[in-house]
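Chemist: The sequence shown begins at 1282 in the numbering used here and counts up by one.
No residue lacks a Cβ here, since even glycine has one placed at the ideal position from N, Cα and C.
In this text, all values refer to a predicted model and were calculated from it rather than measured experimentally.
Have a look at the structure that comes next, please.
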Amino acid sequence: MVNVQCSMDKMKVLVATEKPFSKVAVDGIKEVFGAAGYEVVMLEKYTEKSQLLDAVKDVDAMIIRSDKVDAEVLDAAKQLKIVVRAGAGYDNIDLAAATAHNVVAMNTPGQNANSVAELVFGLLVFGVRNFFNGTSGTELKGKKLGILAFGNVGRNVARVAKGFDMEVAAYDAYCPAEAIEAAGVKAAKSQEELFETCDIVSLHIPATPETKQSINYDLVGKMKKGGILVNTARKEVIDEAGLIKLMEERTDLKYLTDIKPDADAEFAKFEGRYFATPKKMGAQTAEANVNAGIAAANQIVGFLRDGITKFQVNK
Ligand code: 3PG
């Protein structure tokens, strides 16, 4: 372990959140840094990248959410030693550039998982009740839910689904079937099987070169009549053109998403079958903000003071 805090200079931490944390989370973050004797600067709701470039100039550490940290930001952040993504997905950090700049990148896995999982059911109840338009919808009870990727969020989705009395199946290319079955969930043999056999599929895969545009015409086209696709993961995993073509052909399918697609205007023509939250809301609860924000703050202190690199993602 390396002690990075070698001088007596006061460490300066930037909290750069275009989508701000709740006040209670910000207070908690400030308390952690206050106790460590660090200075905190806040950059919230910023609209231009130049504001971020300016704010990172003299900071030793930063906490971000979906805020983009690319080579340009890292170039500008001459003192930066660590960036922590308060959340699960770190596709918004250029990991190679972070390594090249000698900056440790971390995430806070699991901290906002319950919040995202609860939103899945918010979207689903809204979807099966026909967007609350007054017509008769359906219940979730007895329906088969397919969970694609059985990580922290997927596991929480499975737990809540059981409360709705749903049948639950999952597929995860990196999680053995035994581990899925041990959680009381049926393990599908492939993602194709998951789409073929479930009434609803909820996506929990990260955006990686392998998953980008992997949710495509052929895969979603395997869903049964009346199928619902829920996306609280990333817009990049969807082949938008393919899904639009499919929804034109299959007027029974619904797409509910927490991440506005690039082709939002085109999807909007599927009235009553398409819904996108105006802003990503999955992790936007006081509890998730507190959990992820304070974990991020503690990870920064742990690294700067004691050299702890648990949760580093750019090894
Ligand atoms: C995550 O990866 O943790 C979620 O997508 C939440 O993202 P957010 O912090 O931007 O809301």
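From Cys-1287 to His-1382, what does the alpha carbon distance come to, in whole angstroms?
Modeler: The count along the sequence shown starts at 1 and reaches residue 1287 at position 6. The count along the sequence shown starts at 1 and reaches residue 1382 at position 101. Residue confidence for Cys-1287 is low, a pLDDT of 49 falling below 50, so the modelled location carries little weight and cannot support an answer.
Chemist: What does the alpha-carbon distance come out to for the pair Leu-1585 and Met-1292?
Modeler: For this step, residue 1585 is matched to residue 304 along the sequence shown. For this step, residue 1292 is matched to residue 11 along the sequence shown. Taking the straight line joining both Cα atoms gives about 9 Å.
Chemist: Closer than 6 Å by C-beta to Lys-1467: which residues in its own chain qualify, once you throw out the five before and the five after it? Chain order, please.
Modeler: One-based indexing of the sequence shown puts residue 1467 at position 186. Correct list, in chain order: Ala-1450.
Chemist: So does Gly-1368 have its beta carbon nearer than 6 Å to some heavy atom of the ligand 3PG?
Modeler: Indexing the sequence shown from 1 puts residue 1368 at position 87. Yes, Cβ of Gly-1368 sits closer than 6 Å to a heavy atom of the ligand 3PG.
Chemist: On the DSSP bridge list, what partners appear for Ile-1598?
Modeler: No information on residue 1598 is available, as it lies outside the stretch 1282 to 1596 that the chain covers here.
Chemist: Tell whether a beta-carbon distance below 7 Å holds between Asp-1543 and Gly-1563.
Modeler: Taking the first residue of the sequence shown as 1, we reach residue 1543 at position 262. Taking the first residue of the sequence shown as 1, we reach residue 1563 at position 282. Against a cut-off of 7 Å, the Cβ pair of Gly-1563 and Asp-1543 comes out as no contact.
Chemist: Is there at least one non-hydrogen atom of the ligand 3PG closer than 6 Å to the beta-carbon of Arg-1346?
Modeler: Here the question's residue 1346 lines up with position 65 in the sequence shown. Yes; taking the cut-off as 6 Å, the Cβ of Arg-1346 has a heavy atom of the ligand 3PG nearer than that.
Chemist: Whose C-beta lies closer than 8 Å to the C-beta of Gly-1597 among residues of the same chain, with five residues either side of it excluded?
Modeler: Because the chain spans 1282 through 1596 in this model, residue 1597 falls outside it and cannot be assessed.
Chemist: With a cut-off of 8 Å, do at least 3 Cβ pairs link the segment 1290–1310 to the segment 1343–1362?
Modeler: Verdict: yes, contact present.
Chemist: How far does the alpha helix (DSSP H) with Ser-1396 in it extend, from its first residue to its last?
Modeler: To locate residue 1396, count along the sequence shown from 1; it is residue 115. Element bounds for Ser-1396: 1394–1409.
Chemist: Between the segment 1514–1521 and the segment 1476–1490, do at least 3 Cβ pairs fall closer than 8 Å?
Modeler: Yes, since at least three Cβ pairs between the segment 1514–1521 and the segment 1476–1490 fall closer than 8 Å, the two stretches touch.
Chemist: Quick one: does the C-beta of Asn-1393 sit closer than 6 Å to a heavy atom of the ligand 3PG?
Modeler: The residue given as residue 1393 occupies position 112 in the sequence shown. Under cutoff, so the answer is yes.
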